[in-house]
Each structure stands twice: as C-alpha cells, then as structure tokens.
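Trainee: I have a structure I would like to understand better, so I am pasting it below and will then ask my questions one at a time.
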Amino acid sequence: MELGHSSASNFPMEFKHSFCAQDDQELDRIDFFETYAPVVQWTSVCLMLILENLLGVKSKQADVTVVFLHDALEEDEEVYVEMSLGFKQLGSNRKFNVLCLTNILYSLQLSLCAFWEYHTQKLGNCCLPKVPFEPCLLISENVITIYCVFDLIFWGKNEKDIDDLAVPLHSGGVDLELGDAAADFLGVHIKHCPKTAYLNMKQNA
43 MELGHSSASN FPMEFKHSFC AQDDQELDRI DFFETYAPVV QWTSVCLMLI
93 LENLLGVKSK QADVTVVFLH DALEEDEEVY VEMSLGFKQL GSNRKFNVLC
143 LTNILYSLQL SLCAFWEYHT QKLGNCCLPK VPFEPCLLIS ENVITIYCVF
193 DLIFWGKNEK DIDDLAVPLH SGGVDLELGD AAADFLGVHI KHCPKTAYLN
243 MKQNA
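Structure representation (structure tokens):
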C-alpha cells in the first residue's frame, strides 16, 4: 500500500510504502480481542490552539516513523501472514512459505490499540503522564503533547524544549520526524485581534 503525506497547502511532502495485513481475514475473539484506541477530543485541540495564540508558545507536529512496527506481539500470540505476490517462495513441502510476525503490522485489528498503548507508555517514561479525563493529552513541566491518531503534536515554551524531548524518546524506541506548527498541520488559520481578544479560526482552502 502506498501512503501520501501532504502539507497544509496540499503539496505532497513524501510517499511511503507499507506492508499490510489483510484484516478481513481475522476473526473476532479468535485472532483479536481488543481494538479500542482513544481519539483526542477536538475541544482539547482547539483549547491548545487558543493558548498557543494567547501565550505565544511554540508548537510542532511529529510524524512517528515506522508506525506499527514498534510494538512487539504478546509472547502467547502467533500471527502468520501470506507473502505478497511477487515475493512468494516455495518451501521444502512444495507449499508457499508464510511469514511469522514478531511485531505489530499495519492494518491488524489490534494495531491502533497497541500503537496508542506503546507510545503513551514511552511518553510517560519521559515524564509526560496522561491526563485522567483526556487519555490523548499528556502534560509535563515544559511540554504538552496531544496524541492525534498516527501523529503527535507538541506545545512548549520554546522549540528547544520540544527538540530536547525528542532525544529521550528516540533513545526509548520512538523515532520522530518533527514537522510543521500545529495550525499548519491541522490545516487551520487563526486570526487574533489584540484589541477585542477575539479569535477567529478558519479551515484553509
């Protein structure tokens, strides 16, 4: 599968190829038991965008590279995947070989849940605990992070605080590619009137 990643102006920034599992072959309560992963509340995102404008803090979006290959499967889990066309190989028994996975693969039913659990745990190890009422919002002394599906959005007093956080995350097994500011990544434009304190947010065309 080929994935495209575009900027706020719809300019293609990069293309990725992903090896995916065929999730329609998985059976509920046999091949997987949990698929739930929380989604950030839009009000939390809007609140952070408002604070960014009023307080002048900096923000950066971070793309997690090799998204679903980070987390390992449980020891008692066995997942087998047929090899793609063009890569199939015959075994000694004259049958096509299959792959035995050791890590989570994109499009498995449990991948979203495993991705969220893995990265919130790694962020927690970097002194970014989850907020009880918002599991996708993580707050430390210098940085606030929102987990947004496959991306992370950071807010800090300055860009150095955000850059410094990427170092221990990389050491802990989370590779980040820092990108645009939060508003650019989300495709919104915010106009602030200092006289009236009025904030106007519009979706970019």
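Quick note on numbering: the sequence shown equals residues 43 to 247 in the numbering used here.
Using N, Cα and C, we set each Cβ at its ideal position, and we do this for glycine too.
Counting pairs of Cβ atoms below 8 Å between the region 176-196 and the region 92-111, do you hit three or more?
Mentor: These segments touch.
Trainee: Hey, how far is the Cα of E219 from the Cα of E120?
Mentor: For this step, residue 219 is matched to residue 177 along the sequence shown. For this step, residue 120 is matched to residue 78 along the sequence shown. Straight-line Cα distance between these residues: approximately 31 Å.
Trainee: Can you give me the C-alpha to C-alpha distance between K130 and L150, rounded to a whole angstrom?
Mentor: Position 88 of the sequence shown, counting from 1, holds the residue named residue 130. Position 108 of the sequence shown, counting from 1, holds the residue named residue 150. About 21 Å.
Trainee: Does the structure place the region 85-104 close enough to the region 194-202 that three or more beta carbon pairs sit under 8 Å?
Mentor: With the cut-off at 8 Å, the region 194-202 and the region 85-104 touch.
Trainee: Determine, using beta carbons only, whether L141 and M125 come nearer to each other than 8 Å.
Mentor: Start at 1 with the first residue of the sequence shown, and residue 141 comes out as number 99. Start at 1 with the first residue of the sequence shown, and residue 125 comes out as number 83. Cβ atoms of L141 and M125: closer than 8 Å.
Trainee: Could you please give me the residues that DSSP links to E219 through a beta bridge?
Mentor: Taking the sequence shown and counting its residues from 1, one reaches residue 219 at position 177. DSSP, once it has assigned bridges, lists D105 as partnering E219.
Trainee: Let me make sure I understand the geometry here. Which of D217, P80, L97, G221 has the alpha-carbon closest to that of P236?
Mentor: As a position in the sequence shown, residue 236 is number 194, starting the count at 1. The candidate whose alpha carbon is nearest that of P236 is L97.
Trainee: So what does DSSP say about C239, is it helix, strand or coil?
Mentor: Here residue 239 refers to the residue found at position 197 when the sequence shown is read from its first residue. Just to set this straight, residue 239 is Ala in the shown sequence, not Cys. Of the three classes helix, strand and coil, the one that applies to A239 here is coil, per DSSP.
Trainee: Identify, in the order they occur along the chain, each residue of the same chain with its Cβ nearer than 7 Å to the Cβ of L143, setting aside the five sequence neighbours on each side.
Mentor: Numbered from 1 along the sequence shown, position 101 holds the residue referred to as residue 143. Once the five neighbours on either side are set aside, the close Cβ partners of L143 are L115, V121, V123.
Trainee: Using 10 angstroms around the beta-carbon of K175, count the other beta-carbons present and answer buried if the total reaches 16, otherwise exposed.
Mentor: Within the sequence shown, residue 175 is the residue found at index 133, counting from 1. According to the sequence shown, residue 175 is Phe rather than Lys. Exposed, because fewer than 16 other Cβ atoms sit within 10 Å of the Cβ of F175.
Trainee: What are the boundary residues of the beta strand (DSSP E) that D226 is part of?
Mentor: For the purposes of this step, residue 226 is taken as the residue at position 184 of the sequence shown. Where D226 is concerned, there is no enclosing beta strand (DSSP E), although the alpha helix (DSSP H) it sits in stretches over 224-228.
Trainee: For A208, does the count of other Cβ atoms within 10 angstroms reach 16, so buried, or fall short, so exposed?
Mentor: In the sequence shown, residue 208 corresponds to position 166, counting from 1. It counts as buried.
Trainee: Going along the chain, which residues of its own chain have a beta-carbon closer than 7 Å to the beta-carbon of V99, five neighbours each way excluded?
Mentor: One-based indexing of the sequence shown puts residue 99 at position 57. L93, W197, G198, K199.
Trainee: Alpha carbon to alpha carbon, how far is S182 from D206? Give it in angstroms, no decimals.
Mentor: Taking the first residue of the sequence shown as position 1, residue 206 is located at position 164. Taking the first residue of the sequence shown as position 1, residue 182 is located at position 140. Taking the straight line from one Cα to the other gives about 13 Å.
Trainee: In three-state terms, what does DSSP make of L154?
Mentor: Numbered from its first residue, the sequence shown carries residue 154 at position 112. The answer is helix: DSSP assigns L154 an H, G or I state.
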